[in-house]
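S.K.: Sequential numbering from 7 applies to the sequence shown in our numbering. Beta carbons: idealized from backbone N, C-alpha and C, even for Gly.
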Amino acid sequence: MMFLLTAVFLVPPSHTYRQEETSINSTSSQTLTKDTREETRTTRILIYFPTRAEQLHVELNTCSVSDPPPHSIMWPVLLVYHLVLILQLEAQSPCLTHPTFREPDNSDITVMCGTNRIDLQILLCPMYFNGYSESMVALNSQFSTPECRGIADWFVDPPVVRFQFYITEPYLSICSNKLTISQEIGSGLFSDFSSVQSVNISGVVNTQDPNAGTITYKQEIKYMFSCRYPLQYLLNNTEISVSGVSLAIKDNNGSFISTLSMHLFEDLAYTTRLSIPPVGLNLKTRVFVEVRATNLTQRFNVLLDRCYATTSPYPENSTSFDLFIGCYKEPQTVMFVNGELQTARFSFETFRFTEHRNRTVSTSYIHCATRLCEKTFCRSLRQNCTVLGRKRREVQSAQGTSVSDVATITSGPIVTKVDEVLGAVPAASVNRRQERTVIGFSVAAGLFGGLCVIMLAVLIYKISKSRFSVGKSTLSH
7 MMFLLTAVFL
17 VPPSHTYRQE
27 ETSINSTSSQ
37 TLTKDTREET
47 RTTRILIYFP
57 TRAEQLHVEL
67 NTCSVSDPPP
77 HSIMWPVLLV
87 YHLVLILQLE
97 AQSPCLTHPT
107 FREPDNSDIT
117 VMCGTNRIDL
127 QILLCPMYFN
137 GYSESMVALN
147 SQFSTPECRG
157 IADWFVDPPV
167 VRFQFYITEP
177 YLSICSNKLT
187 ISQEIGSGLF
197 SDFSSVQSVN
207 ISGVVNTQDP
217 NAGTITYKQE
227 IKYMFSCRYP
237 LQYLLNNTEI
247 SVSGVSLAIK
257 DNNGSFISTL
267 SMHLFEDLAY
277 TTRLSIPPVG
287 LNLKTRVFVE
297 VRATNLTQRF
307 NVLLDRCYAT
317 TSPYPENSTS
327 FDLFIGCYKE
337 PQTVMFVNGE
347 LQTARFSFET
357 FRFTEHRNRT
367 VSTSYIHCAT
377 RLCEKTFCRS
387 LRQNCTVLGR
397 KRREVQSAQG
407 TSVSDVATIT
417 SGPIVTKVDE
427 VLGAVPAASV
437 NRRQERTVIG
447 FSVAAGLFGG
457 LCVIMLAVLI
467 YKISKSRFSV
477 GKSTLSH
């Protein structure tokens, strides 16, 4: 058993082995002495590598050994041990000559705060420099959870290990990432709503020494990360369709994770999408509006601060009409849900802009300034609509402050037609009507002129007759 004990002594602690079979056949006589003994041993040792998927099988045979000296057995074992080390270092070969094969540094981690997920990539060679591999790192020490482990990418330069997780509550909780809410003083058009909230998602990527017991001689590596997402955000692009619009919030320095959409309906149950005929909707047709947030955690609701109509899809340089803003509400606007769910709903009646008076149809667009708020905080964001609050809102609206700190959702074109009674008259009909008017006036004038001539003739006749009668009576006297 000297060979077995020697092998156990030489194999390092990071390796494990198992003796599968050992057979001893004695070829000596029935009487054995201490000085004369011959043995034929076949020993198979299976060595496992914790950092490699494959296993190395080493089979050593020593035959007809008569009291071999210890060093004659140690040399083959030493050769096998060095062969094991060379094979184990194959995975590290890209790192051995790479400039990043050094001590870990804070700059080794790159954090990408996306609109719906967070991506991390960490340099791999500094981990190997400290004796770790990609299988020994995980998010927040969740080494037993596959979703929290990284994937090595040896095809990029420098080699990295990548982590990816979506910003939803199931994904955040499964790897024990932290989500905290912070509050700041509000600014812009809606600064009287007390504060602006932000969400901060943070965690740590750390290493684990699988051979550590009570003590370890390896230094633990920790990479901390965080992403801050304001609940106020700015959208630069809009996608316009016939009866709705879907906007994906852009990935600009941590814009929020949600996707907002506006849809128009024609029924109170919000089941039938609004269909606008080519000739337009009738005036005073009630339109039901819904603003919805998708891919959003259950901790937040949708709050509409202001909704208004314009004559252009770009509200900056067009005539506008407020459907509601803060406490002020246009009489024909009805609010259903706002700041209570992940959808906000209201309705209004179609109208015409007076600047479209000479057109057969009037086209308008609905814009809603939208923000997200934490459920427990939404009530304080919804303004108390007292007389004082309404006056304050009117004063601030008159100042025309910026709305660049909220997401503005835009609907598609809403076309309204002119009622039949008030409709525009074709030019041919106008000409015919004018001709008939002229003819009628001419006939009436002719009749009136003829009547005047007849009356004048009768009057002259009577005057002449009376004078003739007077002259005749004078001559008779």
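Starting from N133 and walking both ways along the alpha helix (DSSP H), at which residues does that stretch end?
M.R.: Residue numbering aside, residue 133 sits at position 127 when the sequence shown is read from its first letter. What sits at residue 133 in the sequence shown is Met, not Asn. Its alpha helix (DSSP H) spans residues C131 to F135.
S.K.: At the level of alpha carbons, what is the spacing between A433 and S370?
M.R.: Within the sequence shown, numbered from 1, the residue matching residue 433 stands at position 427. Within the sequence shown, numbered from 1, the residue matching residue 370 stands at position 364. Note that A433 scores 44 on pLDDT, short of 50, meaning its location in the model is unreliable; the coordinates nonetheless yield the value given after this. Near 27 Å, if we compare the C-alpha coordinates of S370 and A433.
S.K.: Specify the secondary structure class of H362 as computed by DSSP and reduced to three states.
M.R.: Numbered from its first residue, the sequence shown carries residue 362 at position 356. Reduced to three states, the DSSP call for H362 is helix.
S.K.: Which whole-angstrom value describes the C-beta separation of T317 and L329, a residue pair presumed to lie in contact below a C-beta threshold of 8 Å?
M.R.: On the sequence shown, residue 317 is found 311 positions in, with the first residue counted as 1. On the sequence shown, residue 329 is found 323 positions in, with the first residue counted as 1. In fact, because the Cβ distance is near 14 Å, the residues do not count as touching under 8 Å.
S.K.: May I ask whether a heavy atom of the ligand MG can be found less than 7 Å away from the beta carbon of L102?
M.R.: Judged by which ligands are present, the structure shown has none, so any question about the ligand MG falls away.
S.K.: Does V464 come out as helix, strand or coil in the three-state DSSP assignment?
M.R.: Mapped onto the sequence shown, residue 464 falls at position 458. DSSP places V464 in helix when its eight states are reduced to three.
S.K.: Can you tell me which of A315, P337, C333 and K335 puts its alpha carbon nearest to the alpha carbon of F327?
M.R.: By 1-based counting over the sequence shown, the position of residue 327 is 321. For the residues A315, P337, C333 and K335, the minimum Cα distance to F327 belongs to A315.
S.K.: Looking at L289: is its Cβ nearer than 8 Å to the Cβ of L280?
M.R.: Translated into the one-based positions of the sequence shown, residue 289 becomes position 283. Translated into the one-based positions of the sequence shown, residue 280 becomes position 274. It is not a contact, given that the beta carbons lie outside the stated cut-off.
S.K.: Have a look at D273 and I115 and give me their C-alpha separation to the nearest angstrom.
M.R.: Numbered from its first residue, the sequence shown carries residue 273 at position 267. Numbered from its first residue, the sequence shown carries residue 115 at position 109. Between D273 and I115, the C-alpha separation is close to 52 Å.
S.K.: Measuring straight from C-alpha to C-alpha, what distance separates A463 and R363?
M.R.: Translated into positions along the sequence shown, residue 463 becomes position 457. Translated into positions along the sequence shown, residue 363 becomes position 357. Straight-line Cα distance between these residues: approximately 54 Å.
S.K.: Pick from F306, T151, C333 and I420: whose alpha carbon is nearest that of E346?
M.R.: On the sequence shown, residue 346 is found 340 positions in, with the first residue counted as 1. Answer by Cα proximity: F306.
S.K.: Please work out which residues of its chain come closer than 6 Å, Cβ to Cβ, to A299, disregarding the five sequence neighbours upstream and downstream, and give them in chain order.
M.R.: On the sequence shown, position 293 is the one that residue 299 refers to. So the list reads S264, L266, V308 and Q348, once near-sequence residues are dropped.
S.K.: Please report the straight-line C-alpha distance between E153 and I331, rounded to a whole angstrom.
M.R.: If you number the sequence shown from 1, residue 153 lands on position 147. If you number the sequence shown from 1, residue 331 lands on position 325. Using only the alpha carbons, I get a separation of about 45 Å.
S.K.: Quick one, which of A144, Y177 and T278 has its alpha-carbon nearest K228's?
M.R.: Here residue 228 corresponds to residue number 222 of the sequence shown, with the count starting at 1. Selected option, being the one with the closest Cα: A144.
S.K.: Within a Cβ cutoff of 8 Å, which residues of the same chain sit near Q170, ignoring the five residues on either side of it in sequence?
M.R.: Taking the first residue of the sequence shown as 1, we reach residue 170 at position 164. Excluding residues within five positions, the ones whose Cβ falls inside 8 Å are R123, I124, D125 and L126.
S.K.: If we ignore side chains and look at the alpha-carbon of each, how far apart do Q214 and K335 end up?
M.R.: Looking up residue 214 in the sequence shown gives position 208. Looking up residue 335 in the sequence shown gives position 329. In a straight line, the C-alpha of Q214 is about 60 Å away from that of K335.
S.K.: Nearest to V295 by CA position, among T360, F359 and Y276, is which residue?
M.R.: What you label residue 295 is simply residue 289 of the sequence shown in a count that begins at 1. The candidate whose alpha carbon is nearest that of V295 is Y276.
S.K.: Would you list the one or two residues that DSSP bridges to T213?
M.R.: Indexing the sequence shown from 1 puts residue 213 at position 207. Note: T213 sits in a beta bridge opposite V143.
S.K.: What residues match up with E355 in a beta bridge as DSSP calls it?
M.R.: Within the sequence shown, the letter at position 349 stands for residue 355. In DSSP, E355 forms a bridge with R292.
S.K.: Could you name the residues of the same chain whose beta carbon sits closer than 6 Å to that of R312, not counting the 5 residues immediately before and after it, in chain order?
M.R.: Start at 1 with the first residue of the sequence shown, and residue 312 comes out as number 306. Around R312: I331 and A375.
S.K.: How would you write the range of the beta strand (DSSP E) that H373 sits in, first residue to last?
M.R.: Locating residue 373 in the sequence shown gives position 367, where the first residue counts as 1. Looking at the DSSP string, the run of the beta strand (DSSP E) that includes H373 is V367 to E380.
S.K.: Tell me the rounded alpha-carbon separation between F231 and F149.
M.R.: Within the sequence shown, residue 231 is the residue found at index 225, counting from 1. Within the sequence shown, residue 149 is the residue found at index 143, counting from 1. Each residue's Cα considered, the two are about 18 Å apart.
S.K.: Thinking F105 and W160 are a contact (beta carbons under 8 Å), I'd like their distance in whole angstroms, please.
M.R.: On the sequence shown, position 99 is the one that residue 105 refers to. On the sequence shown, position 154 is the one that residue 160 refers to. Here the sequence assigns Pro to residue 105, which means Phe is not the residue at that position. That pair is no contact at about 16 Å.
S.K.: Can you look up K471 in the DSSP assignment and give me helix, strand or coil?
M.R.: Position 465 of the sequence shown holds residue 471. Helix at K471.
S.K.: Whole angstroms is fine: what's the gap from L465's alpha carbon to I445's?
M.R.: Within the sequence shown, the letter at position 459 stands for residue 465. Within the sequence shown, the letter at position 439 stands for residue 445. Their Cα atoms are separated by approximately 30 Å.
S.K.: Does I282 pass the burial test, meaning 16 or more other C-beta atoms within 10 Å, or should it be called exposed?
M.R.: As a working note, residue 282 is residue 276 in the sequence shown. Buried: at least 16 other Cβ atoms inside 10 Å.
S.K.: I'd like the list of long-range same chain contacts for T356, defined as Cβ closer than 7 Å, with 5 residues on each side in sequence excluded.
M.R.: Counted from its first residue, the sequence shown places residue 356 at position 350. If we look at T356 and ignore the five residues flanking it on each side, its Cβ neighbours are L287, L289, K290, T291, V293, I420 and T422.
S.K.: Check C181 in the structure and name its three-state DSSP category.
M.R.: Counted from its first residue, the sequence shown places residue 181 at position 175. Reduced to three states, the DSSP call for C181 is coil.
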